[in-house]
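For the sequence shown, our numbering begins at 286 and goes up steadily by one.
One structure below.
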Amino acid sequence: MFSSRLPRDLSPNTLARSVALHRAARRPLLDLTATNATTAGLAYPQDLLASLSSPAALEYRPEPFGSMEAREAVARDYARRGSTVAPDRIVLTASTSEAYSLLFKLLCDTGDAVLVPAPSYPLFEHLSRLDGVQPLTYRLEYHGQWMVDE
286 MFSSRLPRDL
296 SPNTLARSVA
306 LHRAARRPLL
316 DLTATNATTA
326 GLAYPQDLLA
336 SLSSPAALEY
346 RPEPFGSMEA
356 REAVARDYAR
366 RGSTVAPDRI
376 VLTASTSEAY
386 SLLFKLLCDT
396 GDAVLVPAPS
406 YPLFEHLSRL
416 DGVQPLTYRL
426 EYHGQWMVDE
């Protein structure tokens, strides 16, 4: 039914199974894979919706690298932290998954292999395969800090 680029086994991976068991046991969980900002417990400014009352909010200006205003804000934040990055060298994406997918397309040919640490971003394996790239995992161990398994 699906293309051969997709893995045959679409069952949850080890991390997904572990998270499901953790949630089922109702244990506290800091889920760094959550992508829905409305469920992340973020505090929004009281006047946030007021910006939508501006006629400019009705104007759609697609910018493939993100709005220049947003990229300038990111550049200012980097400058505040001591790094100089030109706004035209910054690319904003809708999600981490989209960013990785763009990088796979940009830097890898179909059939190339990429090294993927384990544990790491839980979607690396699926995203790389969707882009025709073969993930090769290597183990990380935690001994006060993450280190390559020797």
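Think of the CB as a built atom: it goes at the ideal place given N, C-alpha and C, for glycine as much as any other residue.
Notebook entry, point to check: Skipping 5 residues on each side, what residues in its chain have a beta carbon closer than 6 angstroms to that of T422?
Noted result: One-based indexing of the sequence shown puts residue 422 at position 137. Correct list, in chain order: V401, A403.
Next item on the list: Could you tell me if V376 is buried or exposed, where buried requires 16 or more neighbouring beta carbons within 10 angstroms of its beta carbon?
Entry: If you number the sequence shown from 1, residue 376 lands on position 91. So V376 counts as exposed.
Next item on the list: Pair every Cβ in the stretch 383–391 with every Cβ in the stretch 405–418, then say whether three or more of these pairs are closer than 8 angstroms.
Entry: Segments in contact, yes.
Margin query: On the DSSP letters alone, give me the boundaries of the beta strand (DSSP E) that L400 sits inside.
Written below: Taking the sequence shown and counting its residues from 1, the one referred to as residue 400 is at position 115. Here the beta strand (DSSP E) through L400 covers 398–403.
Next item on the list: Taking T422 as part of the beta strand (DSSP E), name the residues at either end of that continuous run.
Entry: Residue numbering aside, residue 422 sits at position 137 when the sequence shown is read from its first letter. Taken as a continuous stretch (DSSP letters only), the beta strand (DSSP E) holding T422 covers 419–427.
Item checked: For V359, the residue or residues it bridges with in DSSP -> In the sequence shown, the residue the question calls residue 359 occupies position 74. Answer by DSSP bridge pairing: none, since V359 is not bridged.
Next item on the list: Look at the Cβ atom of R346, then the Cβ atom of S352, and state whether they are nearer than 9 angstroms.
Entry: Here the question's residue 346 lines up with position 61 in the sequence shown. Here the question's residue 352 lines up with position 67 in the sequence shown. Yes; because the gap between Cβ atoms is below 9 angstroms, this pair is in contact.
Notebook entry, point to check: Using the beta-carbon count (16 or more within 10 Å), is R302 buried or exposed?
Noted result: Indexing the sequence shown from 1 puts residue 302 at position 17. It counts as exposed.
Checklist line | Rounded C-alpha distance that separates A341 from G367 | finding: Walking along the sequence shown from the start, residue 341 turns up at place 56. Walking along the sequence shown from the start, residue 367 turns up at place 82. Using only the alpha carbons, I get a separation of about 33 angstroms.
Notebook entry, point to check: How would you call R356, buried or exposed, if buried means at least 16 neighbouring beta carbons within 10 angstroms?
Noted result: To locate residue 356, count along the sequence shown from 1; it is residue 71. Buried is the call here.
Notebook entry, point to check: What did DSSP end up calling V304 once you bin it into helix, strand or coil?
Noted result: Residue mapping note: residue 304 aligns to position 19 of the sequence shown, counting from 1. Three-state DSSP puts V304 in a helix.
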